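>
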Amino acid sequence: EEGFGLRPNIGIRGLNPTRSTKILLLEDGIPLTFAPYGDNASYYHPPIERFERIEVLKGAEQIKFGPQTIGGVINYITPIPPQTPGGSVTLTGGKRDYFSGQAQYGTRNFLFDYSHKQGDGSRDNTHSNLDDFNLKSVFDLTSSQALTLRANYNRERSDVGYTGITDAEFRNFGARYNPFDNDTFDADRAALSATHALVFNENAVLTTNLYGQYFSRDWWRQSSRTTDTQCDASVSGFSTTRLNGGAVNPDNCNSIQGRLRDYYTYGVEPRLNLRYAAFGVNSEADIGVRAHFENQDRQQVNGTSAFARSGTTVEDNERDTRAFSAFAQNRFIFGNFSVTPGLRVERVLYERENRLANGVTGKTDLTETIPSLGATFNPSQAVTLFTGVHRGFAPPSTADILNNNGGIVEVDAEKSWNFELGARARLREGIQLQATYFRNDFQNQIVVGSVAGGDLPLAQGETLHEGIEFGGRIDSNAFLKSAHNVFFIAALTYLPTAEITAPFAQVSNGALLQGNTTGNRLPYAPETLLTTTLGYEHPVGIDVRFEVVHVGEQFSDFANTGTPAAFGSGLVGQIASHTIFNAAVNYRIKPLRTTVFLTLKNLTDKTYIVDRTRGILPGLPRLIQAGLQYDF
Numbered sequence: 021e022e023g024f025g026l027r028p029n030i031g032i033r034g035l036n037p038t039r040s041t042k043i044l045l046l047e048d049g050i051p052l053t054f055a056p057y058g059d060n061a062s063y064y065h066p067p068i069e070r071f072e073r074i075e076v077l078k079g080a081e082q083i084k085f086g087p088q089t090i091g092g093v094i095n096y097i098t099p100i101p102p103q104t105p106g107g108s109v110t111l112t113g114g115k116r117d118y119f120s121g122q123a124q125y126g127t128r129n130f131l132f133d134y135s136h137k138q139g140d141g142s143r144d145n146t147h148s149n150l151d152d153f154n155l156k157s158v159f160d161l162t163s164s165q166a167l168t169l170r171a172n173y174n175r176e177r178s179d180v181g182y183t184g185i186t187d188a189e190f191r192n193f194g195a196r197y198n199p200f201d202n203d204t205f206d207a208d209r210a211a212l213s214a215t216h217a218l219v220f221n222e223n224a225v226l227t228t229n230l231y232g233q234y235f236s237r238d239w240w241r242q243s244s245r246t247t248d249t250q251c252d253a254s255v256s257g258f259s260t261t262r263l264n265g266g267a268v269n270p271d272n273c274n275s276i277q278g279r280l281r282d283y284y285t286y287g288v289e290p291r292l293n294l295r296y297a298a299f300g301v302n303s304e305a306d307i308g309v310r311a312h313f314e315n316q317d318r319q320q321v322n323g324t325s326a327f328a329r330s331g332t333t334v335e336d337n338e339r340d341t342r343a344f345s346a347f348a349q350n351r352f353i354f355g356n357f358s359v360t361p362g363l364r365v366e367r368v369l370y371e372r373e374n375r376l377a378n379g380v381t382g383k384t385d386l387t388e389t390i391p392s393l394g395a396t397f398n399p400s401q402a403v404t405l406f407t408g409v410h411r412g413f414a415p416p417s418t419a420d421i422l423n424n425n426g427g428i429v430e431v432d433a434e435k436s437w438n439f440e441l442g443a444r445a446r447l448r449e450g451i452q453l454q455a456t457y458f459r460n461d462f463q464n465q466i467v468v469g470s471v472a473g474g475d476l477p478l479a480q481g482e483t484l485h486e487g488i489e490f491g492g493r494i495d496s497n498a499f500l501k502s503a504h505n506v507f508f509i510a511a512l513t514y515l516p517t518a519e520i521t522a523p524f525a526q527v528s529n530g531a532l533l534q535g536n537t538t539g540n541r542l543p544y545a546p547e548t549l550l551t552t553t554l555g556y557e558h559p560v561g562i563d564v565r566f567e568v569v570h571v572g573e574q575f576s577d578f579a580n581t582g583t584p585a586a587f588g589s590g591l592v593g594q595i596a597s598h599t600i601f602n603a604a605v606n607y608r609i610k611p612l613r614t615t616v617f618l619t620l621k622n623l624t625d626k627t628y629i630v631d632r633t634r635g636i637l638p639g640l641p642r643l644i645q646a647g648l649q650y651d652f
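Note that the sequence shown covers residues 21 to 652 in the numbering used here.
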């Protein structure tokens, strides 16, 4: 949303992408977000360059992780230290004052990575400055034990706002317009983890993760959405001027709000992988338990000038979440066929204290059992057929289930039945294909405020997501036996059904949200997502690729409002489809151990809207970036 990928909005299989709340983010299998149980919103994302690969898990395998077991799990894998000492330095520069530098050095037991990024984002008055330090150490304690230690510190100092713009502002001033030059976002994250692996024998491995992180976020802003009236008290008609497409000067607004957050998260999770045979049947079992703890210290401080960084405290909350979970999956292998039943149990305990109301405290808890069943069949070495069904589960946040007065809110956890059926095939050497049919049937889906059409009250309803995914890659050198390789990659999600099957009703009073929307399409669920890449690579070190990214049209509210109002808030209205073209060229100069590269993003400089949850937010303008990497 800001142009750097610092606050990701990732959706899988039609689930709302806002703040990536419907998925689970992990790093080396350890929770990456600061409160996956109590507030699963992503206001932090590590630099993608420091990872070796990314795993995306869907279907029944999700229950090994949790608590989110609906859309999918994204697991970022860090590289292991190299066997011989060495490293690299990468420098990149480009338009919009972009600069990125990364240095990496490793020995047999240590790998250190530092990266720095800075530059202007996709809008005016948006500038980000990021530093990330990461250390990974791997030690063989004995012939059967290994210890992996990780330490990370991430620092962000950005000038970035929260609100989008109105329809009239977009029309009068263009997509890059953003008048709020006093908004700042400061964040610090420190994380430590230790992973101990104990090999009993070749068939039994016990892995134990011990982890903890601290995340601090201070976001000072003068507007949270285009309908925000906080500036009207000092500048008469401020919000109306925005709706009418007039210019505003936030310096004259004697108000700014600081949303100050501190999160402490820690836990321990042992996992046992066991291979055995019983009654003539080979099996593989995965068993694990986890104790996980979260503490949120949340304040809102209202200042009385555009530049204030202190003021009156109007919210002071402590929110604690404790979660205890256990899972077991067992894969029974019958030759070319296998079946894997599984079960996960989640026990979540919530507590919320309002320190402004003499410590008024509320407590509640929930327990959920999450079953799964998967199966695979290999008719040949080149083909795998797979299917699975599992219970989807996502706990409500602490703020949703407990109100500020200590009362329990009658909101249920998100629950669904998820089914998939698919095939993976290697048709011949150099040709790989995969296709999956999926169906996610929600008996209860939670809608939090500001995810569709503005600051909506908490509501829940029933929905159905149904579609297909397709992926494939062709490499010509594999079957032409040539040093020249022309390759083609495609990834498609086709979602013909993203339907409200029972209207969303407000939790507080049962009133329907935006009317009887049964049969309407869910917001932020485009029918088509398509990415294709055509490339060429040669052993001399040339790599050229051309990418096409297409996102289908989307609704931004449950009422499926089409054409936005001429002087609308920017929060509602259909978002048109867009197609973006990207290109990249890499050349490896082997004698110099150097790679030079050029990246072109949004080649046609297309102007397009990506989001309306807080007003109109645009996609990136055309970017040109060039750099080099030196290996030593």
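All residues carry an ideal CB built from backbone N, CA and C; glycine is no exception. Because the structure is a prediction, the values reported are computed rather than measured.
Would G379 and G427 qualify as a contact pair, given that the criterion is a beta-carbon distance under 7 Å?
What you label residue 379 is simply residue 359 of the sequence shown in a count that begins at 1. What you label residue 427 is simply residue 407 of the sequence shown in a count that begins at 1. No; because the gap between Cβ atoms is not below 7 Å, this pair is not in contact.
> Is R375 helix, strand or coil by DSSP?
By one-based count along the sequence shown, residue 375 stands at place 355. Residue state, collapsed to three classes: coil.
> Assuming P270 and F200 make a contact with CB atoms under 8 Å, what is their CB distance in whole Å?
Position 250 of the sequence shown, counting from 1, holds the residue named residue 270. Position 180 of the sequence shown, counting from 1, holds the residue named residue 200. The Cβ separation is near 5 Å, so the contact holds.
> For the alpha helix (DSSP H) that contains D420, what are its first and last residues?
Working through the sequence shown from its first residue, we reach residue 420 at position 400. 418 to 421 is the extent of the alpha helix (DSSP H) around D420.
> Based on DSSP bridge pairs, tell me the residues matched to H65.
Residue 65 sits at position 45 when you count from the first residue of the sequence shown. For H65, which the question treats as bridged, DSSP gives no partner whatsoever.
> At 4 residues or longer, and completely inside the region 570 to 600: list those alpha helix (DSSP H) runs for me, N to C.
Listed in chain order, there is nothing to give.
> In whole angstroms, what separates the C-alpha of G535 from that of V592?
In the sequence shown, residue 535 corresponds to position 515, counting from 1. In the sequence shown, residue 592 corresponds to position 572, counting from 1. Roughly 15 Å separates the two Cα atoms.
> DSSP three-state call for V471: helix, strand or coil?
Reading the sequence shown from its first residue, position 451 is the one you call residue 471. No answer about V471 holds up, because its pLDDT of 49 lies below 50 and its placement is not dependable.
> In whole angstroms, what separates the C-alpha of N60 from that of R27?
As a position in the sequence shown, residue 60 is number 40, starting the count at 1. As a position in the sequence shown, residue 27 is number 7, starting the count at 1. Cα-Cα distance, rounded: 12 Å.
> Start and end of the alpha helix (DSSP H) containing F159?
What you label residue 159 is simply residue 139 of the sequence shown in a count that begins at 1. No alpha helix (DSSP H) holds F159; the beta strand (DSSP E) holding it covers 147 to 162.
> Can you tell which of F507, C273, R342, F132 has its C-alpha closest to the C-alpha of S417?
On the sequence shown, position 397 is the one that residue 417 refers to. Considering only alpha carbons, the answer is R342.
> Look up R70 in the DSSP assignment and give the residues it is bridged to.
Position 50 of the sequence shown, counted from the start, is the residue given in the question as residue 70. DSSP lists no partner for R70.
> Check this for me: beta carbons of D208 and R177, under 7 Å apart or not?
Counting from 1 along the sequence shown, the entry for residue 208 is found at position 188. Counting from 1 along the sequence shown, the entry for residue 177 is found at position 157. Not a contact, by the Cβ cut-off of 7 Å.
> Going by DSSP, name the residue or residues bridged to T183.
Here residue 183 is taken as the residue at index 163 of the sequence shown, counted from 1. According to DSSP, which records beta bridges pairwise, T183 is partnered with nothing at all.
> What span of residues does the beta strand (DSSP E) with F413 cover, start to end?
Sequence index remark: in the sequence shown, residue 413 carries index 393 (1-based). Note, F413: beta strand (DSSP E), 403 to 414.
> According to DSSP, is R43 helix, strand or coil?
Along the sequence shown, read from residue 1 onward, the residue named residue 43 stands at position 23. At residue 43 the sequence reads Ile, which differs from the Arg that was named. If DSSP states are grouped into helix, strand and coil, I43 belongs with coil.
> May I have the straight-line CA-CA distance separating Y556 from F507, to the nearest angstrom?
On the sequence shown, position 536 is the one that residue 556 refers to. On the sequence shown, position 487 is the one that residue 507 refers to. Near 6 Å, if we compare the C-alpha coordinates of F507 and Y556.
> Looking only at its own chain, which residues have a Cβ that is under 6 Å from the Cβ of A123, when we skip the five neighbours before and after it?
Translated into positions along the sequence shown, residue 123 becomes position 103. Closer than 6 Å at the Cβ level, and outside the excluded window around A123, lie V109, Y134.
> Can you tell me which residues form a DSSP beta bridge with N497?
Looking up residue 497 in the sequence shown gives position 477. Answer is none; N497 lacks a bridge partner.
> Check D144 in the structure and name its three-state DSSP category.
Against the sequence shown, residue 144 aligns to sequence position 124. Coil at D144, not helix or strand.
> In the DSSP assignment, the beta strand (DSSP E) including F507 goes from what residue to what residue?
Position 487 of the sequence shown, counting from 1, holds the residue named residue 507. Residues 505 to 526.
> Comparing alpha-carbon positions, which option in A210, D495, P641, F397 lies nearest Y173?
Position 153 of the sequence shown, counting from 1, holds the residue named residue 173. Of the listed residues, the one whose Cα sits closest to Y173 is A210.
> Cβ of Y63 within 7 Å of Cβ of R237?
Within the sequence shown, the letter at position 43 stands for residue 63. Within the sequence shown, the letter at position 217 stands for residue 237. Their beta carbons are under 7 Å apart, which means Y63 touches R237 by this criterion.
> Identify whether Q480 lies in helix, strand or coil by the three-state DSSP scheme.
To locate residue 480, count along the sequence shown from 1; it is residue 460. Q480 falls in the strand class under three-state DSSP.
> For P559, which residues of its own chain have a beta-carbon under 6 Å away from its beta-carbon, when the five flanking residues on both sides are left out?
Against the sequence shown, residue 559 aligns to sequence position 539. Cβ within range, chain order: A503.
> Would you mind giving the Cβ-Cβ distance between A511 and E567, rounded to the nearest angstrom? I have them listed as a contact below 8 Å.
The count along the sequence shown starts at 1 and reaches residue 511 at position 491. The count along the sequence shown starts at 1 and reaches residue 567 at position 547. Their Cβ separation, rounded to whole angstroms, is 11 Å, which puts A511 and E567 out of contact at 8 Å.
> Look at the alpha carbon of V471 and the alpha carbon of N606, and state the distance between them as a whole number of angstroms.
For the purposes of this step, residue 471 is taken as the residue at position 451 of the sequence shown. For the purposes of this step, residue 606 is taken as the residue at position 586 of the sequence shown. Any reading at V471 must be qualified, since the residue scores a pLDDT of 49, below 50, and its modelled position is unreliable; no value is offered.
> From what residue to what residue does the beta strand (DSSP E) around L280 run?
The residue labelled residue 280 in the question sits at position 260 within the sequence shown. Looking at the DSSP string, the run of the beta strand (DSSP E) that includes L280 is 276 to 298.
> State the DSSP-derived secondary structure class of G53, mapped to helix, strand or coil.
Residue mapping note: residue 53 aligns to position 33 of the sequence shown, counting from 1. Residue identity check: residue 53 is Thr in the sequence provided, not Gly. In the structure shown, T53 sits in coil (DSSP, three-state: anything other than H, G, I, E or B).
> Quick one, which of G126, P51, T112, P87 has its alpha-carbon nearest Y96's?
Residue mapping note: residue 96 aligns to position 76 of the sequence shown, counting from 1. For Y96, the nearest C-alpha among the options comes from P51.
> Grouping DSSP H, G and I as helix and E and B as strand, with all else coil, what is D385?
Counting from 1 along the sequence shown, the entry for residue 385 is found at position 365. Residue state, collapsed to three classes: strand.
> Taking the straight line between their C-alpha atoms, what separation do you get for L500 and R493?
Taking the sequence shown and counting its residues from 1, the one referred to as residue 500 is at position 480. Taking the sequence shown and counting its residues from 1, the one referred to as residue 493 is at position 473. Taking the straight line from one Cα to the other gives about 15 Å.
> Name the DSSP bridge partner or partners of S236?
Indexing the sequence shown from 1 puts residue 236 at position 216. For S236, which the question treats as bridged, DSSP gives the partners D208, D282.
> I need the boundaries of the beta strand (DSSP E) containing F258, first residue and last residue.
If you number the sequence shown from 1, residue 258 lands on position 238. Looking at the DSSP string, F258 is not in any beta strand (DSSP E); the run it does join, the alpha helix (DSSP H), is 258 to 263.
> DSSP puts K621 in a beta bridge; with which residues?
On the sequence shown, residue 621 is found 601 positions in, with the first residue counted as 1. Looking at the DSSP assignment, K621 forms a beta bridge with L643.
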